[in-house]
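K.L.:
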Amino acid sequence: MKKIDNDENFEWNYGIALASMRKYQTAEESLLQVKSESYKKDLCYLMWLSRCYIMNGKPEDAWVLYKEFEEDQGMNNANDLFKLIELIANDCYRMGHFRYAAKAFNALEELVDDPSEDPEYWEGKRGSCIGAFQQVVAARQKKKEISTSEQEEIITDILAILLNTKNPQSGYVTKIIKRWALENGLGAMS
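Each step along the sequence shown adds one to the number in full-length UniProt numbering, with nothing skipped, and position 97 is 97.
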C-alpha cells in the first residue's frame with residue numbers, strides 16, 4: 001500500500017490498523033509519524049503506541065509514555081490513566097517484561113481506594129516482582145544478558161515496590177530476595 005506523505009490522519013489510522021493486526025514494528029513506526037498534539041494526547045493513541053512498544057521489546061518506552069501522561073493529566077483524567085497503566089501492566093506481564101509489569105501493578109495498586117478489597121493488583125505485583133527476580137537469578141547463573149549493575153538496579157526496584165505495600169506476604173518475598181542478593185554480592189540490600 002502506498003502512503004501519502006505527512007498525512008496525520010493516514011498515519012494514525014494506518015498505525016492503529018497495523019497494530020490491531022499485530023504488525024507492531026510497522027505500527028510503531030507509523031504511530032511515531034503522528035505529530036499532532038491532540039492525537040498524541042488521545043488515550044487510543046497512547047494505548048496502541050504503548051502496546052507496540054511492549055510487543056517490540058521496549059517496555060521502558062511504554063513506561064515513559066505513561067509517566068508523561070500522568071504528569072500532563074494528573075488525576076484530572078484518572079479513568080484514562082487507570083486504563084493506560086492497566087494495559088501496560090498486563091501486556092508487560094504477558095510478554096515477560098516483569099520489571100515494568102511490577103512498576104505498573106504498583107501504580108495500579110496506588111490508584112485504587114482499598115487494595116485489600118481487590119487482590120488482583122497485589123497478585124500481579126507479587127508475580128511480576130518474582131518474575132523479575134527469577135530473570136536476575138537466571139542471568140546470574142548463565143553469566144550473561146544482564147550486567148551486574150542492572151541486576152542491582154532491578155533488585156533495588158523490586159524491593160522498593162514490594163516494600164510499598166501493606167500485604168503481609170511482601171515481607172516474606174522481600175526477605176528471600178534480600179538474602180539471595182547479599183549471598184550473591186549484589187551490594188548492600190538492607
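Think of the CB as a built atom: it goes at the ideal place given N, C-alpha and C, for glycine as much as any other residue.
So, helix, strand or coil for Glu145, using DSSP?
P.N.:
Taking the sequence shown and counting its residues from 1, the one referred to as residue 145 is at position 145. Coil, per DSSP.
K.L.:
Three-state secondary structure (DSSP) at Leu186?
P.N.:
In the sequence shown, residue 186 corresponds to position 186, counting from 1. If DSSP states are grouped into helix, strand and coil, Leu186 belongs with coil.
K.L.:
Comparing alpha-carbon positions, which option in Ala132, Leu108 and Glu153 lies nearest Asn164?
P.N.:
Residue mapping note: residue 164 aligns to position 164 of the sequence shown, counting from 1. Among Ala132, Leu108 and Glu153, the Cα nearest to that of Asn164 belongs to Leu108.
K.L.:
State buried or exposed for Asp91, treating a residue as buried only when at least 16 other CB atoms are found within 10 Å of its CB.
P.N.:
As a position in the sequence shown, residue 91 is number 91, starting the count at 1. Buried, because 16 or more other Cβ atoms sit within 10 Å of the Cβ of Asp91.
K.L.:
Please report how far the alpha carbon of Gly93 lies from the alpha carbon of Ala101, in whole angstroms.
P.N.:
Numbered from its first residue, the sequence shown carries residue 93 at position 93. Numbered from its first residue, the sequence shown carries residue 101 at position 101. Checking the sequence, you will find Tyr at residue 93 rather than Gly. Cα to Cα, Tyr93 sits roughly 5 angstroms from Ala101.
K.L.:
Answer with buried or exposed for Val34, where buried requires no fewer than 16 other C-beta atoms within 10 angstroms of its C-beta.
P.N.:
Locating residue 34 in the sequence shown gives position 34, where the first residue counts as 1. Result: buried.
K.L.:
Check each candidate in Ile176, Gly96 and Ser128 and name the one with the smallest Cα separation from Asn106.
P.N.:
Here residue 106 refers to the residue found at position 106 when the sequence shown is read from its first residue. For Asn106, the nearest C-alpha among the options comes from Ser128.
K.L.:
What first and last residue would you give for the alpha helix (DSSP H) that runs through Gln73?
P.N.:
As a first step, residue 73 must be located in the sequence shown, where it is residue number 73. Segment Pro59 to Gln73, the alpha helix (DSSP H) holding Gln73.
K.L.:
Rounding to the nearest angstrom, what Cα-Cα distance links Glu28 and Val64 in this structure?
P.N.:
Looking up residue 28 in the sequence shown gives position 28. Looking up residue 64 in the sequence shown gives position 64. Going by the C-alpha atoms only, they are around 15 angstroms apart.
K.L.:
Does the distance from the CB of Asn167 to the CB of Trp122 come in under 7 angstroms?
P.N.:
For the purposes of this step, residue 167 is taken as the residue at position 167 of the sequence shown. For the purposes of this step, residue 122 is taken as the residue at position 122 of the sequence shown. Against a cut-off of 7 angstroms, the Cβ pair of Trp122 and Asn167 comes out as a contact.
K.L.:
How long is the line joining the alpha carbons of Arg99 and Glu153, rounded to whole angstroms?
P.N.:
Translated into positions along the sequence shown, residue 99 becomes position 99. Translated into positions along the sequence shown, residue 153 becomes position 153. So the two alpha carbons sit approximately 10 angstroms from each other.
K.L.:
Going straight from the alpha carbon of Leu159 to that of Phe10, what length do you get?
P.N.:
In the sequence shown, the residue the question calls residue 159 occupies position 159. In the sequence shown, the residue the question calls residue 10 occupies position 10. So the two alpha carbons sit approximately 44 angstroms from each other.
K.L.:
Go ahead and pull the three-state DSSP assignment for Val136.
P.N.:
Residue 136 sits at position 136 when you count from the first residue of the sequence shown. Reduced to three states, the DSSP call for Val136 is helix.
K.L.:
Who are the Cβ neighbours of His97 in its own chain at under 7 angstroms, not counting the five residues just before and after it?
P.N.:
Walking along the sequence shown from the start, residue 97 turns up at place 97. Answer for His97: Ile54 and Pro59, listed in chain order.
K.L.:
Determine the direct distance from the alpha carbon of Lys142 to that of Lys67, and round the result to whole angstroms.
P.N.:
As a position in the sequence shown, residue 67 is number 67, starting the count at 1. As a position in the sequence shown, residue 142 is number 142, starting the count at 1. Using only the alpha carbons, I get a separation of about 33 angstroms.
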